[in-house]
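Working notes for the structure below.
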Amino acid sequence: MSLSLVFFRYFIAIDESFGYPAAELEVPEQGEVQCPSEADGPPAKKPALQDASSSGGGAKEEGAAQQEQMGPVLAGPGALKATPPLIGFGLMKLTPEQLEMVTRAKKFAMEQSIKSVLMKQTIAHQQQQQKTLQRHQALVLMCRVYVGSISFELKEDTIKQAFRPFGPIKSINMSWDPVTQKHKGFAFVEYELPEAAQLALEQMNGVLIGGRNIKVGRPSNMPQAAPILDQIMEEAKTYNRIYIASVHQDLTESDIQR
Numbered sequence: 051m052s053l054s055l056v057f058f059r060y061f062i063a064i065d066e067s068f069g070y071p072a073a074e075l076e077v078p079e080q081g082e083v084q085c086p087s088e089a090d091g092p093p094a095k096k097p098a099l100q101d102a103s104s105s106g107g108g109a110k111e112e113g114a115a116q117q118e119q120m121g122p123v124l125a126g127p128g129a130l131k132a133t134p135p136l137i138g139f140g141l142m143k144l145t146p147e148q149l150e151m152v153t154r155a156k157k158f159a160m161e162q163s164i165k166s167v168l169m170k171q172t173i174a175h176q177q178q179q180q181k182t183l184q185r186h187q188a189l190v191l192m193c194r195v196y197v198g199s200i201s202f203e204l205k206e207d208t209i210k211q212a213f214r215p216f217g218p219i220k221s222i223n224m225s226w227d228p229v230t231q232k233h234k235g236f237a238f239v240e241y242e243l244p245e246a247a248q249l250a251l252e253q254m255n256g257v258l259i260g261g262r263n264i265k266v267g268r269p270s271n272m273p274q275a276a277p278i279l280d281q282i283m284e285e286a287k288t289y290n291r292i293y294i295a296s297v298h299q300d301l302t303e304s305d306i307q308r
């Protein structure tokens, strides 16, 4: 089929879609193309579009059927996107008095927030200080031992020489009677290390000094530090290593393991 015949049939289909009768157009045979001559005269005028629209409802129904959606509408990359609403759009404009109130409210909220943060920091710092103080007091109590039933003839130097082998002594407190100018028969020995106090407690209780068997024990206020000591003992269970100080140079590793 030639190209001219294809275009000719295409124009015929267009005319039929506008309602022109097919009999008015002559379709040439295949291979023939007829052109109008001067003898045929001017071509007949086509009817107006309103005539075609008023000729019947069939063409309208057919056109409406062709315009119906046959599938889902897919939005491509060029489709319009919904514009997000603007912040504060549609709100009423505040008066100067209202703006001042909002400013004061913001300032008050900021001050309260700062106060809350400072209060939390202060409470945490106080709790940490209290915990440190309690542990220090418990450590001091663990470094002290009570020595009772001391002969009134014994002096402080004698007590110091008897308890010095277990560790460095920080201080010895003997209660003196201002009337008799003698001690009251008991003393408190404070070591620099709690381990030294524990050794003195285990080794010196019941030892004969100055004709009397002395009594060695913990101070009477030691139970006050019991909760702190229990907490320290629980925390110490998580550590597998211990530190040993003041090891004699003649001791070997096997001696320490024993």
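So in this note's numbering, spot 123 of the sequence shown is number 173, and the numbers just go up one at a time.
Even glycine gets a Cβ: it sits at the ideal position worked out from N, Cα and C.
{"Query": "CA-to-CA distance, Ser166 to Leu189, given in whole angstroms", "Result": "35 Å"}
{"Query": "Contact check, Ala237 vs Ile259, beta carbons under 7 Å", "Result": "no"}
{"Query": "Within-7 Å CB hit, Arg214 to chain B", "Result": "Here there is only one protein chain, and chain B is not present."}
{"Query": "Close beta carbons around Glu242, own chain, < 6 Å, minus the five adjacent residues each side", "Result": "Pro218, Lys220"}
{"Query": "Delimiting residues of the beta strand (DSSP E) encompassing Met224", "Result": "219-227"}
{"Query": "C-alpha distance - Leu249 paired with Tyr289, whole-angstrom precision", "Result": "23 Å"}
{"Query": "Counterpart residues of Arg262 in DSSP-defined beta bridges", "Result": "Ile259"}
{"Query": "Local conformation of Glu303 per DSSP, three classes", "Result": "helix"}
{"Query": "Cα-Cα separation between Tyr293 and Ala155, rounded to whole angstroms", "Result": "58 Å"}
{"Query": "Residues near Arg262 by beta carbon distance below 6 Å, same chain, minus five either side", "Result": "Ser199, Ser201"}
{"Query": "Cβ shell of Ala275 (< 7 Å), same chain only, five flanking positions each side left out", "Result": "Gln187, Ala188, Leu191"}
{"Query": "Which residues DSSP lists as bridging Tyr293, in chain order", "Result": "DSSP, once it has assigned bridges, lists no residue as partnering Tyr293."}
{"Query": "Three-state class that DSSP yields for Arg194 in the structure shown", "Result": "strand"}
{"Query": "Residues near Met272 by beta carbon distance below 6 Å, same chain, minus five either side", "Result": "Leu191"}
{"Query": "Check whether Val266 and Val195 have beta carbons under 7 Å apart", "Result": "yes"}
{"Query": "Continuous alpha helix (DSSP H) stretch holding Lys210: start and end", "Result": "206-213"}
{"Query": "Helix, strand or coil at Phe238 [DSSP, three-state]", "Result": "strand"}
{"Query": "DSSP bridge partner residues for Gly267 (one or two, in chain order)", "Result": "Tyr196"}
{"Query": "Alpha-carbon to alpha-carbon, Gln184 and Glu161", "Result": "34 Å"}
{"Query": "Distance between Pro215 and Gln299 (C-alpha atoms, nearest Å)", "Result": "16 Å"}
{"Query": "Cutoff 7 Å; reference Glu206; Cβ partners in own chain excluding five residues on either side", "Result": "Ile222, Met224"}
{"Query": "Under 7 Å between C-beta atoms of Pro244 and Cys193", "Result": "yes"}
{"Query": "Nearest to Ser270 (by Cα), restricted to the options Met254, Ile264, Val197", "Result": "Val197"}
{"Query": "Length of the line joining the Cα atoms of Gln178 and Glu147", "Result": "47 Å"}
{"Query": "Neighbourhood of Lys234 by C-beta distance below 7 Å, restricted to the same chain and skipping five residues each side", "Result": "Ser225, Asp227"}
{"Query": "Rounded C-alpha distance that separates Phe158 from Thr145", "Result": "20 Å"}
{"Query": "Environment of Leu204 [buried if 16+ CB atoms lie within 10 Å]", "Result": "buried"}
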